[in-house]
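Quick notes on the structure that follows.
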Amino acid sequence: MPQTNQFKPLPPLELIRPHILNYWKQKKTDQQIVDLLRSRHLDLEVYGIALTSFKLIRKEMGLLRARQQGHSIDSIRPAMQRLRVQYPKAGRQDMLNLLFHELGMAVPRSVYESYCALEEPHLVIERRANRLKRKQFYAAGVNDLWAIDQHDKWKYSFGLALHCGVEPFSGELLWIKVWWTNSNPRLILGYHLDTVEKLGFMPLVTQSDPGVENFGVANGHTLLRHYQDPSLMDTLQHQWKNEKKNIKPEIVWSQFRRRFAPGFQNILEIGTNEGWYDTSNLLETLVFRFIFIPWLQREIDAYVERLNNTAKRRDRNKILPHGVPRDIFENAEAYGALDFKIKVDPNAIQHVRDIYAPRDHDVFKLVPEDFSIIAMDFYAALGSPTVTRDNVWEVYLGILKQFEQLDAIHRIPPEMDSQWGYALTMARDDYRVDDLELIPNLKLLEQGSGSHAYYGGVNNGRGLGPDHHAQLDAMLEQDEPLPAETIQPAPINIVEDEMLFAEFSSDEEDEEEDALTVQRMLIP
Numbered sequence: 038m039p040q041t042n043q044f045k046p047l048p049p050l051e052l053i054r055p056h057i058l059n060y061w062k063q064k065k066t067d068q069q070i071v072d073l074l075r076s077r078h079l080d081l082e083v084y085g086i087a088l089t090s091f092k093l094i095r096k097e098m099g100l101l102r103a104r105q106q107g108h109s110i111d112s113i114r115p116a117m118q119r120l121r122v123q124y125p126k127a128g129r130q131d132m133l134n135l136l137f138h139e140l141g142m143a144v145p146r147s148v149y150e151s152y153c154a155l156e157e158p159h160l161v162i163e164r165r166a167n168r169l170k171r172k173q174f175y176a177a178g179v180n181d182l183w184a185i186d187q188h189d190k191w192k193y194s195f196g197l198a199l200h201c202g203v204e205p206f207s208g209e210l211l212w213i214k215v216w217w218t219n220s221n222p223r224l225i226l227g228y229h230l231d232t233v234e235k236l237g238f239m240p241l242v243t244q245s246d247p248g249v250e251n252f253g254v255a256n257g258h259t260l261l262r263h264y265q266d267p268s269l270m271d272t273l274q275h276q277w278k279n280e281k282k283n284i285k286p287e288i289v290w291s292q293f294r295r296r297f298a299p300g301f302q303n304i305l306e307i308g309t310n311e312g313w314y315d316t317s318n319l320l321e322t323l324v325f326r327f328i329f330i331p332w333l334q335r336e337i338d339a340y341v342e343r344l345n346n347t348a349k350r351r352d353r354n355k356i357l358p359h360g361v362p363r364d365i366f367e368n369a370e371a372y373g374a375l376d377f378k379i380k381v382d383p384n385a386i387q388h389v390r391d392i393y394a395p396r397d398h399d400v401f402k403l404v405p406e407d408f409s410i411i412a413m414d415f416y417a418a419l420g421s422p423t424v425t426r427d428n429v430w431e432v433y434l435g436i437l438k439q440f441e442q443l444d445a446i447h448r449i450p451p452e453m454d455s456q457w458g459y460a461l462t463m464a465r466d467d468y469r470v471d472d473l474e475l476i477p478n479l480k481l482l483e484q485g486s487g488s489h490a491y492y493g494g495v496n497n498g499r500g501l502g503p504d505h506h507a508q509l510d511a512m513l514e515q516d517e518p519l520p521a522e523t524i525q526p527a528p529i530n531i532v533e534d535e536m537l538f539a540e541f542s543s544d545e546e547d548e549e550e551d552a553l554t555v556q557r558m559l560i561p
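Counting from 38, one number per residue, gives the positions in the sequence shown under this note's numbering.
Here it is, written out as structure tokens:
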């Protein structure tokens, strides 16, 4: 099969200019714009366009990214002074958007913040004083909630989409998955159900960003909880947290980028730098998925296992239990904590899976079945080598060469080529065939009281009750008996990783945004 753009001319600039400008205003990445041009606006039988060619066109149009514009405090000062007169109350994001949309200036956040610290310190202090209302976050115990999140750093460069689930109290990583999409709600629910099925229990509630990809988990987990406890029938057993406020998964990804990603990204970049792999090439993409995803998943599983079995560095500012995450997760009582896990009927899991995430759905297939059969034969012809960091590109190239020879000799049938191409369509961000609607007319859980922001499911969202405190007191009594007539201790406020909480602190504006977002999502 020839390269996607091997013999095809670039489209005329007048044909694609309005579309490029439109997507540029939407702040699409270069790869996203190329994908959209190819899928929506070009006759691929006539024209072709690849990422490198597009970047040249974009630069010729004068559309430069932040690094290329190279702005400094001095260069943005005149524009900032003019805009500040017109928008005296605009915050950081508003000002960055104004600079971009009104003046065509792509300014890094770091440059903007340095300018504010130097030129507008009084406004920074004023905004913080007026808006920042610090709230304490406390966790009730193990399996109170599971938090999930996706990660897109490799999505547009390599076609690899990451997703994680974490139990925040213990720090147990429930899963980190790599696949060719992380935007399909059926796939994400599948991760959750697989974990529940493997463990034999579920948490009280789940938590995520308010994205459509998480509607499957919200619906599926809610049905499981309703099945187990009919008194919950009128409530959604899922908590929504806007971007940067789903804290624990953000920590997981921060550590992943620092600890795991750099070395593997270097390996992945070998193929793209050498021209062996182009995410817009169907054949290369399918061979890449066939070889790289299983290999990377094994490496990630080993990484997760290491983290779950390694005690984190002791932090005197952290009140959550110190120890090995797996041990805390499996033996909460030994750490003076409650475990809220709910045993699940396997029939209930299967029922939810049949409704929302059937195993035979295309999203659960690594590659199309016909392709897999041929690829396995080619892999066997190579001697079925164990794929490692040292030979992964060698195995990829060996299988790709056999596919290209097959195509050159016999021509892959157009109908098969079309079926295989659907695998790329499903991975696009704008693929909406599998979108789900939230179960209608369900109430949100309460979120604590007073200054305590609680997002778990204990006591239907209200937090620990008298019975729970009695259990905790009994545990303390076993370790160190309390004197007679001791005053009932106040609830423990668990505050994690103070520096990170300072970065992700709640404020009134964000709370209103959370509420409006959720209300829009819940309109029947």
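Idealized CB from N, CA, C, for every residue including glycine.
- Around the CB of Ala445, fewer than 16 other CB atoms lie within 10 Å, so the residue is classed as exposed.
- Ranked by how close their Cα comes to the Cα of Thr425, the residues Cys201, His78, Ile304 and Ala154 have Ile304 in first place.
- The residue among Ser76, Arg129, Tyr84 and His56 with its C-alpha nearest the C-alpha of Lys45 is Tyr84.
- The beta carbons of Phe401 and Gly178 sit about 33 Å from each other, so the pair does not count as a contact at 8 Å.
- Here the stretch 368–377 does not lie against the stretch 387–396, with fewer than 3 beta-carbon pairs under 8 Å apart.
- Met413 sits in a helix when the DSSP states are folded into three classes.
- Boundaries of the beta strand (DSSP E) harbouring Glu204: Ala198 to Glu204, taken from the DSSP string.
- Straight-line spacing of the CA atoms in Leu155 and Met132 works out to 16 Å.
- Bridge partners of His275 according to DSSP: Thr243.
- Annotation: Leu93 to Thr232 spans about 46 Å, alpha carbon to alpha carbon.
- Restricting attention to His188, Gly208, Phe195 and Gly196, the CA atom closest to the CA of Asn180 is found in Gly208.
- Distance from the Cα of Glu431 is smallest, within the candidate group Gly308, Phe301 and Leu344, for Gly308.
- Between the alpha carbons of Arg77 and Gly420 lies a distance of about 42 Å.
- Sequence-distant Cβ neighbours of Val71 in its own chain, meaning closer than 8 Å and more than five residues away, are Ile86, Ala87, Leu88, Phe91 and Ser317.
- Annotated as proximal: Gln244 and His275, with beta-carbon spacing under 9 Å.
- Nearest neighbour of Glu139 by Cα position, chosen from Ser147, Met117 and Val148, turns out to be Met117.
- Just so you know, the alpha carbons of Asn251 and Asp111 end up roughly 43 Å apart.
- At the C-beta level, Leu197 and Trp191 come within 9 Å of one another.
- DSSP lists Met239 as the beta-bridge partner residues of Ile379.
- Lys380 and Gly237 do touch by the CB rule: their CB atoms are close to 6 Å apart, below 8 Å.
- With the rule of 3 Cβ pairs closer than 8 Å, the stretch 253–270 does not count as touching the stretch 280–291.
- Proximity to Pro205 across Ala298, Ile365, Thr462 and Glu150 peaks at Ile365, based on C-alpha coordinates.
- According to the DSSP secondary-structure assignment, Ala184 is paired through a beta bridge with Val203 and Gln244.
- A distance below 8 Å between beta-carbons, with the five flanking residues on each side excluded, links Asn219 to the following residues of its chain, in chain order: Gln187, His188, Asp189, Lys192, Ala198, Leu199, His200, Ile225 and Glu250.
- A straight-line Cα-Cα distance of about 22 Å links Arg465 and Pro55.
- Every alpha helix (DSSP H) stretch that sits fully inside the stretch 44–131 and reaches 4 residues is listed by chain position as 50–62, 67–73, 88–97, 103–106 and 110–123.
- Arg326 and Val404 do touch by the CB rule: their CB atoms are close to 6 Å apart, below 8 Å.
- DSSP places Glu209 inside the beta strand (DSSP E), whose first and last residues are Glu209 to Trp216.
- In this structure Val215 touches Leu333 by the C-beta definition: roughly 5 Å separates them, less than 8 Å.
- In the DSSP assignment, Gly312 falls outside any alpha helix (DSSP H) and carries neither an H nor an E.
- Beta-bridge annotation (DSSP): Lys480 is paired with Thr272.
- In this structure, DSSP gives Val400 a helical state, which the three-state scheme calls helix.
- The distance from the Cβ of Phe415 to that of Ile436 is about 5 Å, consistent with a contact at the 8 Å cut-off.
- Assignment of Val389 by DSSP, reduced to helix, strand and coil, places it in the helix class.
- Between Leu344 and Pro362, the gap from beta carbon to beta carbon is short of 9 Å.
- Looking at the backbone, the Cα of Ala460 and that of Leu481 are separated by about 36 Å.
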